[in-house]
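Here's the structure, in structure tokens; my notes come after.
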Amino acid sequence: MKFYGVSVEERKASGRYTVLRYRWPGLVEPGQFVMARAVGWPVTLDPFLARPFSFYDHDGEVASLLFEVRGRGTALLDRAHKIEVSAPLGCGFQLGSSSGKAALLGGGVGIAPLKILGRRLTELGVPHDVFLGFADAPTAGAARDFPGAGMATMDGSLGTPGTVLDAVPNLTEYGAVYACGPNPMLAAVKRTVGPDRLCQLSVEERMGCGNGSCNGCAVPVRSGGYVRSCVEGPVFRAEALAW
Amino acid sequence: MKFYGVSVEERKASGRYTVLRYRWPGLVEPGQFVMARAVGWPVTLDPFLARPFSFYDHDGEVASLLFEVRGRGTALLDRAHKIEVSAPLGCGFQLGSSSGKAALLGGGVGIAPLKILGRRLTELGVPHDVFLGFADAPTAGAARDFPGAGMATMDGSLGTPGTVLDAVPNLTEYGAVYACGPNPMLAAVKRTVGPDRLCQLSVEERMGCGNGSCNGCAVPVRSGGYVRSCVEGPVFRAEALAW
Amino acid sequence: MVVRERKTETRLAVELCGIPLRTPLIPASGTLTKEALGEVEGVYGAMLPKTTTPAPRAGNPPPRVAETYAGMVNSIGLQNPGVERFLEGLDAFDIGLPLFVSAAGDTLEEFGALCERLGADERISAIELNLSCPNVECGGLTFCAGPASVEEVVAVCRRATGKPIFAKLTFEGVVENARAAESAGADALTIMNTIPALTIDAHRREALVRGGLSGPAIKPVALRAVYDVCGAVEVPVIGSGGVTSGIDVAEFMLAGATAVQIGTASFVRDPKEILSELASYLDKVGLDTADLMGALSS
Amino acid sequence: MVVRERKTETRLAVELCGIPLRTPLIPASGTLTKEALGEVEGVYGAMLPKTTTPAPRAGNPPPRVAETYAGMVNSIGLQNPGVERFLEGLDAFDIGLPLFVSAAGDTLEEFGALCERLGADERISAIELNLSCPNVECGGLTFCAGPASVEEVVAVCRRATGKPIFAKLTFEGVVENARAAESAGADALTIMNTIPALTIDAHRREALVRGGLSGPAIKPVALRAVYDVCGAVEVPVIGSGGVTSGIDVAEFMLAGATAVQIGTASFVRDPKEILSELASYLDKVGLDTADLMGALSS
Ligand SMILES: Cc1cc2nc3c(=O)[nH]c(=O)nc-3n(C[C@H](O)[C@H](O)[C@H](O)COP(=O)(O)OP(=O)(O)OC[C@H]3O[C@@H](n4cnc5c(N)ncnc54)[C@H](O)[C@@H]3O)c2cc1C
Ligand SMILES: Cc1cc2nc3c(=O)[nH]c(=O)nc-3n(C[C@H](O)[C@H](O)[C@H](O)COP(=O)(O)OP(=O)(O)OC[C@H]3O[C@@H](n4cnc5c(N)ncnc54)[C@H](O)[C@@H]3O)c2cc1C
Ligand SMILES: Cc1cc2nc3c(=O)[nH]c(=O)nc-3n(C[C@H](O)[C@H](O)[C@H](O)COP(=O)(O)O)c2cc1C
Ligand SMILES: Cc1cc2nc3c(=O)[nH]c(=O)nc-3n(C[C@H](O)[C@H](O)[C@H](O)COP(=O)(O)O)c2cc1C
Ligand code: FES
Ligand code: FES
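Chains as they are written, first to last, in our numbering: chain H, 1 to 243; chain L, 244 to 486; chain P, 487 to 784; chain V, 785 to 1082.
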């Protein structure tokens, strides 16, 4: 796996999350991801593996990531001046099939790919609404980057009390649903949306390599067995997943 | 082993070596050493072990180390702003027994402990001469910190051609010899000085812990078996060593 | 420039069971996907896809990978589409290099039949028998359990094909197993596989991945296994386990290996860098890879 | 403040073979010298000096240690002054904690005689039998070679002393050996020791240290060994291998360990930090060490 060293051009807080910007010319599709780590030589042993992050935004020249500091990998990224990235990876959201208005649902750091997705849908002239779910008000600070988005917080301190699904007034008005967040949220979205509408989910599974080599990021599929979320995903049609 | 984080206050080149200075109040004896590493959290895995370095100088408040970049550990130290040190470790040179003039012999980075040793001998009023041996002229740049020292280079480009022993005009005029350098040099010093004069050698052996716990830094002794160079040494009377 | 490149080529080339390899590097089975072949051009001396089994295997449920200090634990469970679909897709791995195939069965009969099937395929230069996967229960049989079972399975495979056979062994009892594999007719030995390990998530208080440890952490264990085996057998040894840098490759060859596999390291760095580190090392010491083999002063 | 400290004490305390330990941490044999005891006040629940043998041992020639990725390889060769001088100096380790002593012999008779000698010393609370040092050839006998030899040596020691006996096993065949040690009367098992390994200096082209790998690198291997053994025996298990942080300690206890040894990590960090990480973890999850043991949800 080839990693490219890039300099962090900007780092800012967004709610409780961090947004990093770095120069990254080329094409990026919404829902694609990067494997990233703070710079190390010749490899970092501590932590050993790079970490997957969705593209938060990309304007053709500059990419940004939005992430939550969870453990060692993100803690180091949070203070790194130079990072190493391998990208763009995976299959993103399919934007082609226009079927009316789209709903974009994000939970927690799962909001990340919705930014670039919204940008691209706007470019394509696809009408869409964004709905975000957070644990509490401080985390919900990240919603500022999504003007006009509907919002829910689990503790009820901001927006609708409950999950992101509770923030959607009428799910049936949307012809397509795009969602990213913890797997239990995605399963709930799949159940709620039902089989009749286009529903695409960006799943989160532990990764080893990020380029399809290790078979580590297995996701069970309806057709039997597992597929790799880093190559066949991370975005799947809801009906393809066996959960 | 407890490590203390300290900030590097000054870093300068000395010939091909690096001199680092950091605040270190307390007592240090010439020949004692530190275990040091670039800062890591909670431990550094890369490299894993801290590295031993002689105190180069210490004025009661500020300590300095002189080192050669050899591998990963010293490469990281060479660019670190914060380092972690455990010190002072080991038994240094015995300065008590005055027996006339002393010769201080250093080879390569083995010159390190001679700086603080010379300072202390001067304070004690012990007359002494310093002799330094280097591979070549660029390395010999480190001699600038030792005004008046005799010098030899292996390639003959500066000072006497040959080893540090070749730089000493008349070894018999010295009542005591202190030496530090690669083990083969120390063995040669021991042979040349002979059994009749006080001869102390600071040896270099691979270390695990630096505080006597691992028995890794074994040096063979005349009395049989091995002793730990980090606790019983690193300075030994030449006659005690079985080489 | 052409001259210099030629020189590098000869300098890196090795021969394994009569098969010329441009470089001594081989991807470790299960660590390089066909989708990533574009990234590794010029690095390897042979190709080696993930282990194939007679029938398709779905593999183990997630989580399948977890990180550890300087390594990772995996429990993939030999996910693969089965030998027939594997062979249909094999052309993707045919990039002009000798093609080795890793094979595993649940029974002696399966091993034999698989080797016969693979042996009949002209694209395949050699078969690596995976006798050492820690993540599958082989129908009660553990083929690496001891010299007797190793000898039995290698003998069956030997009878099934005339192609070179490499026996990939685990490090437990590696020297006895290596002797057994050699005497049963293995042409080379791949030493070693992952080490059985477990990871736990203390915060969730649950076991995470029970599988095999790989990566830099295990390098000195694999290096010892290679060294010991090279002292005990005549057949060539292929090193595998924790190789992370070009210097590591050199160490395995100094220990006696003829070729060296790169697995987990390729997830965290570009294996091209490993090859160029090896080339720099050879320049520095003034040797070719072929001279390195077993060239430890002692 | 006194109240809070008291609370931490109970929260950390464990009982091992009826011996109360203030904390579940024990220094791994061979990794803490008496000269460094001042640095570790309050950290450990018991003391455990380096292995003693009947006669003095000079140990192996240098180099004895080498660094590896996230670990080190050592080949000390059980350097020690022999049991008599060891006992003369033992008071230095008597710092008000239960005192465990590690013992090794070359023969069954030596093991028996040593246990009798140590068992007669009132300062000693328990004896850890080092059946797993990879760095000495035990007069042709490898006591960890298999369940039969483990059973034999533990039985001999069991007859020699009424003191609690811990059998320290290597990870090869650890489950069978653990069952054998238990059935021969071991009161507890220490799982595990270092893993056989080798380091090579590629630049000098020489083997550096052939010995045992320890440190963070081996943690997941030790964790699996502990987990598997805890599932197979009734006696308490003491974890050893790669423990580097308080979270690691918790993982070993979740895997079933009653107490946990700190070895190599103490060379690179202050073990006090490990204890306070453990205390923070316990605060966070709201448990005492005693509740952690084996408390994996599955
Ligand atoms: C395709 C994909 C896209 C992602 N995009 C984003 C993103 O845009 N922003 C963001 O903040 N996070 C994202 N994640 C999750 C992110 O990868 C993890 O938060 C990160 O790996 C944690 O690393 P760490 O070293 O900080 O934590 P660690 O110390 O490794 O782990 C902390 C905790 O996080 C959990 N965790 C670790 N790795 C993963 C993983 N791969 N998947 C799920 N849980 C994990 C574990 O339960 C662990 O206990 C994404 C994950 C995937 C697979
Ligand atoms: C008591 C003592 C005092 C020392 N004082 C100084 C000093 O003042 N200045 C200085 O520059 N160096 C000193 N050294 C040597 C210094 O410790 C090594 O140069 C350093 O550990 C190399 O670390 P590295 O990571 O850069 O190299 P590594 O990558 O670890 O090794 C590079 C090469 O250096 C050699 N090496 C590594 N560790 C040691 C060791 N402990 N002893 C001998 N050779 C080793 C090996 O042959 C290796 O091939 C001292 C050593 C000891 C034991
Ligand atoms: C994700 C993963 C999958 C693997 N799959 C296989 C496999 O299918 N067959 C096999 O023989 N070895 C397999 N291995 C073992 C590797 O081929 C290799 O022997 C081992 O990982 C040690 O080398 P490394 O440390 O360089 O990775 C796998 C290893 C990893 C990490
Ligand atoms: C330098 C060193 C010396 C050791 N000496 C002994 C010993 O004398 N007896 C013993 O039973 N184990 C000995 N060990 C093994 C440790 O006690 C411990 O079981 C092993 O190192 C694994 O734990 P760790 O990774 O925490 O170090 C030694 C380990 C090291 C690193
Ligand atoms: S992360 Fe390795 S295959 Fe997906
Ligand atoms: S370095 Fe560990 S005893 Fe000296």
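Every residue gets a Cβ at the ideal spot worked out from N, C-alpha and C, and that includes glycine.
message: Using a Cβ-Cβ cutoff of less than 7 Å, which residues in the same chain neighbour P/P540 once the five nearest sequence positions on both sides are dropped?
response: The residue given as residue 540 of chain P occupies position 54 in the third sequence. Cβ within range, chain order: G568, V569, G591, E596, A599, L600.
What residues of chain H sit near P/E553, judged by a beta carbon separation below 8 Å?
Within the third sequence, the letter at position 67 stands for residue 553 of chain P. Those are P47, F48, L49, listed as they occur along chain H.
Please determine, among L/A306, L/F291, L/P290, L/D289, the residue with the shortest C-alpha to C-alpha distance to L/S297.
Position 54 of the second sequence, counted from the first residue, corresponds to residue 297 of chain L. Of the listed residues, the one whose Cα sits closest to L/S297 is L/A306.
Checklist entry - Taking 9 Å as the CB-CB limit, is V/Y1011 close to chain P? => result Position 227 of the fourth sequence, counted from the first residue, corresponds to residue 1011 of chain V. Output row for V/Y1011: interface = yes.
Q | Neighbour flag for V/F955 against chain L, beta carbons, 9 Å | A | The sequence position of residue 955 of chain V within the fourth sequence is 171, counting from 1. Answer no: the Cβ-Cβ gap between V/F955 and chain L never drops below 9 Å.
Self-check item: Cβ contact (3+ pairs, closer than 8 Å) linking the stretch 926-940 of chain V and the stretch 994-1014 of chain V
Solution: At 8 Å Cβ cutoff, the stretches do not touch.
Please list, in chain order, the chain L residues whose beta carbon lies closer than 9 Å to that of V/P838. Residue numbering aside, residue 838 of chain V sits at position 54 when the fourth sequence is read from its first letter. Ordered by position in chain L, no residue passes the 9 Å Cβ test against V/P838, which lies about 16 Å from the chain.
* Would you report the Cα separation of L/F377 and L/T396, rounded to the nearest angstrom? -> Position 134 of the second sequence, counting from 1, holds the residue named residue 377 of chain L. Position 153 of the second sequence, counting from 1, holds the residue named residue 396 of chain L. Those two C-alpha atoms are separated by around 5 Å.
Check: Taking only runs of the beta strand (DSSP E) that begin and end inside the stretch 625-690 of chain P, which ones reach a length of at least 3 residues, in chain order?
Finding: 651-655, 674-677, 681-687
**Request:** Please state whether DSSP places L/M491 in a helix, a strand or coil.
**Result:** Only positions 244 to 486 of chain L appear in the structure, and residue 491 of chain L is not among them; the question remains open.
*Report yes or no: is there a C-beta of chain V within less than 9 Å of the C-beta of L/M450?*
If you number the second sequence from 1, residue 450 of chain L lands on position 207. Chain V, which has a Cβ nearer than 9 Å to the Cβ of L/M450, makes this yes.
- Task: Give the DSSP-derived three-state secondary structure of H/S229 in the structure shown.
- Result: Along the first sequence, one-based indexing puts residue 229 of chain H at 229. Three-state result, H/S229: coil.
*How is V/C899 classed by DSSP in three states: helix, strand or coil?*
Your numbering for residue 899 of chain V matches position 115 in the fourth sequence. Note: V/C899 maps to helix in three-state DSSP.
Item to complete: To the nearest angstrom, report how far apart H/R197 and H/R237 are at their CA atoms.
Response: Here residue 197 of chain H refers to the residue found at position 197 when the first sequence is read from its first residue. Here residue 237 of chain H refers to the residue found at position 237 when the first sequence is read from its first residue. In a straight line, the C-alpha of H/R197 is about 10 Å away from that of H/R237.
Quick check: V/A1043 and V/I879, are their CB atoms within less than 9 Å of each other? Locating residue 1043 of chain V in the fourth sequence gives position 259, where the first residue counts as 1. Locating residue 879 of chain V in the fourth sequence gives position 95, where the first residue counts as 1. No, they are not a contact pair.
I'd like the span of the alpha helix (DSSP H) that includes V/I1058, first residue to last. Walking along the fourth sequence from the start, residue 1058 of chain V turns up at place 274. Counting along the chain, the alpha helix (DSSP H) containing V/I1058 begins and ends at 1055-1069.
| message | Any C-beta of chain P within less than 9 Å: which residues of the stretch 192-220 of chain H qualify? | response | E205, R206, M207, G208, C209, G210, N211, G212, S213, C214, N215, G216, C217, A218, V219, P220
| At what residues does the beta strand (DSSP E) containing H/V34 begin and finish? | For the purposes of this step, residue 34 of chain H is taken as residue 34 along the first sequence, with counting starting at 1. Annotation: the continuous beta strand (DSSP E) that includes H/V34 extends over 33-38.
**Asked** Can you name, in chain order, every residue of its own chain whose Cβ lies under 8 Å from the Cβ of L/G455, other than the five neighbours on each side?
**Response** Locating residue 455 of chain L in the second sequence gives position 212, where the first residue counts as 1. Cβ neighbours of L/G455 beyond the five flanking positions: R471, C473, V474.
Helix, strand or coil for H/G71 per DSSP?
Position 71 of the first sequence, counting from 1, holds the residue named residue 71 of chain H. Correct three-state label for H/G71: coil.
query: Say the cut is 8 Å; is the CB of V/T837 nearer than that to a heavy atom of ligand 2?
result: Locating residue 837 of chain V in the fourth sequence gives position 53, where the first residue counts as 1. Flag unset: Cβ of V/T837 not near ligand 2.
query: What are the boundary residues of the alpha helix (DSSP H) that H/T192 is part of?
result: Translated into the one-based positions of the first sequence, residue 192 of chain H becomes position 192. Element bounds for H/T192: 183-193.
Margin query: I want to verify the contact list: residues of chain H whose CB lies under 9 Å from the CB of P/M558, in sequence order.
Written below: To locate residue 558 of chain P, count along the third sequence from 1; it is residue 72. Contact note: P/M558 reaches chain H through F48, L49, G208, C214, G216, using a C-beta cutoff of 9 Å and chain order.
Worksheet entry | C-beta atoms of V/C801 and V/A1074 nearer than 9 Å | By 1-based counting over the fourth sequence, the position of residue 801 of chain V is 17. By 1-based counting over the fourth sequence, the position of residue 1074 of chain V is 290. The answer is no: Cβ separation not under 9 Å.
In the DSSP assignment, find the unbroken beta strand (DSSP E) run with H/R21 in it and report its ends. Locating residue 21 of chain H in the first sequence gives position 21, counting from the first residue. Counting along the chain, the beta strand (DSSP E) containing H/R21 begins and ends at 17-23.
Where the beta strand (DSSP E) containing L/P356 begins and where it ends: Here residue 356 of chain L refers to the residue found at position 113 of the second sequence. Segment 355-366 is the alpha helix (DSSP H) holding L/P356; no beta strand (DSSP E) there.
Separation of V/L796 from L/V373, as counted between CA atoms:
Within the second sequence, the letter at position 130 stands for residue 373 of chain L. Within the fourth sequence, the letter at position 12 stands for residue 796 of chain V. About 56 Å.
Review point. Counting only beta-carbon atoms, is P/E692 nearer than 9 Å to chain V?
Key: As a first step, residue 692 of chain P must be located in the third sequence, where it is residue number 206. Closer than 9 Å: yes.
Requested in this report: Could you please give the first and the last residue of the uninterrupted beta strand (DSSP E) stretch that includes H/Y309?
Outcome: Because residue 309 of chain H is not part of the residues shown, which for chain H are 1 to 243, the question remains open.
Look at L/L292 and V/F1051 and say whether their C-beta atoms are less than 9 Å apart.
Within the second sequence, residue 292 of chain L is the residue found at index 49, counting from 1. Within the fourth sequence, residue 1051 of chain V is the residue found at index 267, counting from 1. Yes, the pair counts as a contact, with Cβ atoms nearer than the cut-off.
Apply the 10 Å Cβ neighbour rule to P/R755 and answer buried if 16 or more other Cβ atoms are within range, or exposed otherwise. Residue numbering aside, residue 755 of chain P sits at position 269 when the third sequence is read from its first letter. That one is buried.
How many whole angstroms separate the CB atoms of H/V109 and H/F67, which I take to be in contact at a CB cut-off of 8 Å?
Taking the first residue of the first sequence as position 1, residue 109 of chain H is located at position 109. Taking the first residue of the first sequence as position 1, residue 67 of chain H is located at position 67. Indeed they touch by this definition, with Cβ atoms about 6 Å apart.
Check your understanding: Should L/Y247 be labelled buried (16 or more other beta-carbon atoms within 10 Å of its own) or exposed?
Key -> Stepping through the second sequence from its first residue, residue 247 of chain L is reached at position 4. Answer is exposed; the Cβ neighbour count stays below 16.
ask   = Using 8 Å as the threshold, is the stretch 456-463 of chain L in touch with the stretch 812-830 of chain V, meaning 3 or more CB pairs across them?
value = yes
query = Mind checking H/P113: buried by the 16 CB within 10 Å criterion, or exposed?
reply = Translated into the one-based positions of the first sequence, residue 113 of chain H becomes position 113. Buried: at least 16 other Cβ atoms inside 10 Å.
Contact with chain H by P/V529, beta-carbon distance below 9 Å = For the purposes of this step, residue 529 of chain P is taken as the residue at position 43 of the third sequence. Judged by the 9 Å Cβ criterion, P/V529 is not in contact with chain H.
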